[in-house]
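The structure appears below as structure tokens.
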Amino acid sequence: MSVDTTDVSRETLVRPIGTLSKQYLLALVAALGAIGVWVFFYLQQLQHGLIVTNLADWGSGGGVPWGLYIGAFIWWVGIAHGGIILSAAVRLLGMDRYQPVARMAELLTIAALTCAGVFILIHVGRPDRLVTSVLPAWPTRVQWSPLMWDVTVITAYFVLTATYLALTIRYDIHRLRDRLPDQLEPVYAVLMVGYSEREDAIVERMVWWIAFAIIIMAPLLLHGGVIPWLFALLPSMAGWAGGVQGPSFLSIALTSAVSGIIIVAASFRRAYGWEELVPVEVFRGLAKWLGFFGLIFLWLQLQQVITGIFAAPTTLQHATEVKIATPVYWVAIGLVLAAMLYVFACSLRPSLFSIPVLVALSFGVLVGTLVEKVLFVVEGLQHAHFQLYDGVPGVYVPSPVELSALLGTVGIVVLFFLVVAKVIPVVELHAIEAAHEGGDDA
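Note that my numbering has the sequence shown beginning at 290, numbered continuously upward.
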């Protein structure tokens with residue numbers, strides 16, 4: 290008796306929904322534990338204020354008013370924007386090889402944007418300020434305030450990404466409904482309101498145009514525009530100002546996002562035996578993109594260093610000299626460089642390629658890009674053009690309260706994927722349909 294390979298593939302696709310392993314439970318406990326640690330420290334911050342962090346006003350305690358919270362905000366937003374850019378490129382440019390990881394990239398975008406919002410929430414000190422101060426000020430400030438531009442485009446991007454994801458999910462749920470758990474019928478009923486197969490062609494065109502809008506918005510308004518403008522438009526901050534911040538931020542976003550997608554895809558592949566669903570060729574391709582974006586990131590870092598130390602204005606030269614004298618900066622550069630060199634070595638000798646090694650290097654890249662962004666924020670504040678606070682003592686090192694927030698947001702991302710994987714397929718049905726069509730054509 291012959292076996293329908295399409296049916297087998299669909300069973301593989303929904304395997305995370307119907308199985309519960311010890312590894313899943315351990316990951317769930319770890320994610321909830323990380324979130325619990327953050328909640329404990331955050332309650333201390335709510336009770337006592339931002340004084341429990343190592344952030345400080347310039348004129349009183351020295352140090353900096355922005356630190357890990359803002360650096361991590363930039364980092365998470367970069368991962369989010371890079372993730373949806375890659376997913377949109379898959380659909381817009383017909384990069385079918387990467388279709389198995391396209392939805393993972395979309396989910397990573399939703400989770401990362403949520404974490405970015407968390408850091409803004411905790412950085413304002415009192416959460417009610419978002420309602421009493423930020424929202425009422427929006428209509429009168431959005432025309433000229435980069436901070437309001439930031440709130441606007443991130444909100445728009447979240448809505449755009451959620452719409453993009455919801456439209457593609459409907460196709461899958463309709464065709465896999467007999468394999469999905471009956472207990473979640475109310476959830477599926479909401480997601481499938483008004484659905485008919487006649488909408489598929491229309492949705493495909495809508496998704497294409499949304500992907501097109503994402504590709505256009507990314508360099509102009511998102512991590513190549515509004516986010517770096519928060520810093521680049523401040524000429525009093527020598528380490529921040531300049532047009533190079535746009536492409537620099539975008540390169541970091543894409544480098545971080547590819548690293549995140551590699552880690553997520555490898556985790557699902559290992560946990561659910563998805564060797565055929567997410568083949569090694571996908572990781573080889575992602576590795577090449579990681580090497581390419583890492584090269585651009587390093588090149589732009591070199592541009593900033595060279596222009597900052599050679600015949601530069603005194604304050605910019607001082608800020609650059611401080612940066613290159615900071616050991617942790619070179620650790621960050623080294624982590625990205627190591628990943629890039631490994632990818633290039635694998636191109637010359639393919640036998641060197643290993644998914645576990647690539648995953649480990651991807652973790653290193655994420656650490657490196659986070660460190661670079663925190664240093665960017667902190668050193669930009671510490672070495673401004675004005676010298677009003679030069680005599681005020683104080684340094685900045687992230688406190689346990691701030692570090693717990695980083696741990697908690699990582700836990701949020703892990704928990705998000707663990708929950709979503711039990712509700713919807715994290716790989717599009719189109720991915721296996723395209724694979725079977727390719728096999729038939731062959």
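Just so it is clear, CB atoms sit at the ideal spot from N, CA and C, and this is done for glycine as well.
Have a look at residue i and residue j and give me their C-alpha separation to the nearest angstrom.
{"i": "residue 669", "j": "residue 599", "result": "19 angstroms"}
{"i": "residue 414", "j": "residue 431", "result": "22 angstroms"}
{"i": "residue 490", "j": "residue 619", "result": "50 angstroms"}
{"i": "residue 251", "j": "residue 632", "result": "Because residue 251 is not part of the residues shown, which for the chain are 290 to 731, the question remains open."}
{"i": "residue 751", "j": "residue 596", "result": "Here the chain comprises residues numbered 290 to 731, so residue 751 is not present and cannot be evaluated."}
{"i": "residue 713", "j": "residue 306", "result": "7 angstroms"}
{"i": "residue 545", "j": "residue 592", "result": "20 angstroms"}
{"i": "residue 401", "j": "residue 638", "result": "35 angstroms"}
{"i": "residue 287", "j": "residue 354", "result": "The requested residue 287 is not part of the displayed model; the chain covers only 290 to 731."}
{"i": "residue 420", "j": "residue 301", "result": "45 angstroms"}
{"i": "residue 435", "j": "residue 524", "result": "14 angstroms"}
{"i": "residue 730", "j": "residue 392", "result": "The predicted position of residue 730 is uncertain, since its pLDDT is 41 and thus under 50; a value taken from the coordinates is nonetheless stated next. C-alpha separation (whole angstroms): 25 angstroms."}
{"i": "residue 346", "j": "residue 357", "result": "15 angstroms"}
{"i": "residue 557", "j": "residue 672", "result": "44 angstroms"}
{"i": "residue 309", "j": "residue 706", "result": "14 angstroms"}
{"i": "residue 601", "j": "residue 594", "result": "10 angstroms"}
{"i": "residue 450", "j": "residue 464", "result": "22 angstroms"}
{"i": "residue 604", "j": "residue 408", "result": "30 angstroms"}
{"i": "residue 703", "j": "residue 621", "result": "24 angstroms"}
{"i": "residue 643", "j": "residue 467", "result": "37 angstroms"}
{"i": "residue 292", "j": "residue 581", "result": "Because residue 292 carries a pLDDT of 34, less than 50, the predicted location of this residue cannot be relied on, and no value is offered for it."}
{"i": "residue 720", "j": "residue 568", "result": "12 angstroms"}
{"i": "residue 365", "j": "residue 380", "result": "23 angstroms"}
{"i": "residue 715", "j": "residue 425", "result": "38 angstroms"}
{"i": "residue 630", "j": "residue 388", "result": "26 angstroms"}
{"i": "residue 660", "j": "residue 478", "result": "44 angstroms"}
{"i": "residue 728", "j": "residue 394", "result": "Below a pLDDT of 50, predicted positions are generally treated as unreliable, and residue 728, at 48, falls in that range; no measurement from the model is reported."}
{"i": "residue 418", "j": "residue 433", "result": "20 angstroms"}
{"i": "residue 564", "j": "residue 717", "result": "16 angstroms"}
{"i": "residue 635", "j": "residue 383", "result": "25 angstroms"}
{"i": "residue 571", "j": "residue 341", "result": "45 angstroms"}
{"i": "residue 498", "j": "residue 486", "result": "20 angstroms"}
{"i": "residue 359", "j": "residue 529", "result": "14 angstroms"}
{"i": "residue 684", "j": "residue 352", "result": "5 angstroms"}
{"i": "residue 509", "j": "residue 674", "result": "28 angstroms"}
{"i": "residue 444", "j": "residue 422", "result": "17 angstroms"}
{"i": "residue 610", "j": "residue 325", "result": "40 angstroms"}
{"i": "residue 474", "j": "residue 711", "result": "13 angstroms"}
{"i": "residue 363", "j": "residue 646", "result": "27 angstroms"}
{"i": "residue 656", "j": "residue 692", "result": "13 angstroms"}
{"i": "residue 472", "j": "residue 403", "result": "27 angstroms"}
{"i": "residue 612", "j": "residue 606", "result": "10 angstroms"}
{"i": "residue 429", "j": "residue 416", "result": "21 angstroms"}
{"i": "residue 332", "j": "residue 507", "result": "35 angstroms"}
Are the beta-carbon atoms of residue i and residue j separated by less than 9 angstroms?
{"i": "residue 442", "j": "residue 427", "result": "no"}
{"i": "residue 654", "j": "residue 583", "result": "yes"}
{"i": "residue 696", "j": "residue 323", "result": "yes"}
{"i": "residue 698", "j": "residue 586", "result": "no"}
{"i": "residue 369", "j": "residue 399", "result": "yes"}
{"i": "residue 566", "j": "residue 298", "result": "yes"}
{"i": "residue 701", "j": "residue 320", "result": "yes"}
{"i": "residue 390", "j": "residue 453", "result": "no"}
{"i": "residue 538", "j": "residue 666", "result": "no"}
{"i": "residue 343", "j": "residue 617", "result": "no"}
{"i": "residue 694", "j": "residue 327", "result": "yes"}
{"i": "residue 547", "j": "residue 375", "result": "yes"}
{"i": "residue 336", "j": "residue 411", "result": "no"}
{"i": "residue 640", "j": "residue 589", "result": "no"}
{"i": "residue 745", "j": "residue 367", "result": "There is no way to answer for residue 745, as the model of the chain reaches only from 290 to 731."}
{"i": "residue 688", "j": "residue 579", "result": "no"}
{"i": "residue 446", "j": "residue 522", "result": "no"}
Between residue i and residue j, which are expected to be in contact by the criterion C-beta below 8 angstroms, what is the C-beta distance as a whole number of angstroms?
{"i": "residue 549", "j": "residue 372", "result": "7 angstroms"}
{"i": "residue 275", "j": "residue 663", "result": "In the structure displayed, the chain extends from 290 to 731; residue 275 sits before or after that span and is not available."}
{"i": "residue 552", "j": "residue 709", "result": "At roughly 16 angstroms, the Cβ-Cβ gap does not stay under 8 angstroms, so residue 552 and residue 709 are not in contact."}
{"i": "residue 386", "j": "residue 561", "result": "About 20 angstroms; that fails the 8 angstroms criterion."}
Confirm the yes/no value for this check: CB of residue i, any heavy atom of the ligand MN, distance under 8 angstroms.
{"i": "residue 624", "result": "Summarising the ligand content, the structure contains no ligands, and the ligand MN is consequently not present."}
Comparing the C-beta of residue i with each C-beta of chain D, is any distance below 9 angstroms?
{"i": "residue 502", "result": "This model lacks chain D altogether, as it is built from one protein chain only."}
Checklist entry - Does the stretch 496-505 touch the stretch 529-546, meaning 3 or more C-beta pairs lie closer than 8 angstroms? => result Using a Cβ-Cβ distance cut-off of 8 angstroms, the stretch 529-546 and the stretch 496-505 are not in contact, since fewer than three pairs of beta carbons, one from each stretch, lie closer than that value.
Checklist entry - On the three-pair Cβ rule with 8 angstroms, is the stretch 512-527 touching the stretch 614-628? => result Flag = no, the stretch 512-527 and the stretch 614-628 do not touch.
Checklist entry - Hey, is the stretch 452-461 in contact with the stretch 491-498, meaning 3+ C-beta pairs nearer than 8 angstroms? => result Because the criterion of three Cβ pairs below 8 angstroms is met, the stretch 452-461 and the stretch 491-498 touch.
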